[in-house]
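Peer 1: Residue numbers (the working numbering): 20 to 330.
Yeah, the Cβ is synthetic: ideal placement off N, Cα and C, and Gly gets one too.
Keep in mind that this is a model prediction, so the values were computed, not measured.
Before we start, here is the structure in question, set down as structure tokens.
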């Protein structure tokens, strides 16, 4: 059956799903997304990826700061499909479409309900994640699930890459569910198994070198493509770590000490060390570069014995 849909979402994850819907038999005639906001180093106002895609497709776009008041509009649609929208839906909105509201969530619910499921899964060292297509209820991400699909997380999984893969998997699974509705019955979640993926804060990007190297590596990989993990160093430098890998073994130097050896550069951790590959400094144009290029160009801050992470 081909449904008439409204869609709500904002980031690239949601845009991937919207693009697949636009290429399906279903009709998307209305899109809700976040208002344009300042972004990037220049703080230029930009539309969300969903906003840009919908406009290019000639779809009506609305950017309310809350959905209350949209009930009569949504009553014209069969379903409201939600993906990474960023706003809670009041009960009156959940009941407005002819059928209901469904959500594409980037985790294996009930694990990692909330705003940052992919990053939290990587930080926790989960062996897998996935997507869940759920019927939305008033309690956050607690609605019954129509279908789940799994995605393995290797020891080198990156937040940005996993999110992109989950968007594709989520689009495929959503189309399967829409084809089976309204006869497909969702299964209730077990609230006792729920964990919460709280919204990321800027403070969580700051590296604590007293932590285990494996945990710091997960932090770096989880924040890849979102808010790079960083450390502070000599001369007021901020060093963002874009690519690295953990090493085992006892370190003679205190945590946060940068050392050079025959294999390159590493920073001592509470346990093991983090070997650096690609970094970005708040110096010059702020261009990502190899750690060796950073040492060549900024020898006052990147040198053997430099201490990072000090207040």
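Does the separation of the CB atoms of residue 251 and residue 259 fall below 8 Å?
Peer 2: no
Peer 1: I need the straight-line Cα distance from residue 8 to residue 213, nearest angstrom please.
Peer 2: In the structure displayed, the chain extends from 20 to 330; residue 8 sits before or after that span and is not available.
Peer 1: Between residue 36 and residue 162, which are expected to be in contact by the criterion C-beta below 8 Å, what is the C-beta distance as a whole number of angstroms?
Peer 2: That pair is no contact at about 18 Å.
Peer 1: Using a Cβ-Cβ distance cut-off of 8 Å, determine whether residue 106 contacts chain C.
Peer 2: In the structure shown, chain C cannot be found, because there is only a single protein chain.
Peer 1: Taking residue 278 as part of the alpha helix (DSSP H), name the residues at either end of that continuous run.
Peer 2: Unbroken run through residue 278 is the beta strand (DSSP E), 277 to 280; no alpha helix (DSSP H).
Peer 1: From residue 71 to residue 25, what does the alpha carbon distance come to, in whole angstroms?
Peer 2: The C-alpha of residue 25 is placed about 16 Å away from the C-alpha of residue 71.
Peer 1: Per the DSSP calculation, residue 264 is bridged to which residue(s)?
Peer 2: 294
Peer 1: Count the other CB atoms within 10 Å of the CB of residue 118; is the residue buried (16 or more) or exposed (fewer)?
Peer 2: exposed
Peer 1: From residue 182 to residue 120, what distance separates their C-alpha atoms?
Peer 2: 22 Å
Peer 1: Could you have a look at residue 32 and say whether DSSP puts it in helix, strand or coil?
Peer 2: helix
Peer 1: My understanding is that residue 30 touches residue 51, with C-beta atoms under 8 Å, so please give their C-beta distance in whole angstroms.
Peer 2: No, residue 30 and residue 51 are not in contact; Cβ-Cβ is about 14 Å, not under 8 Å.
Peer 1: At the level of alpha carbons, what is the spacing between residue 300 and residue 21?
Peer 2: 51 Å
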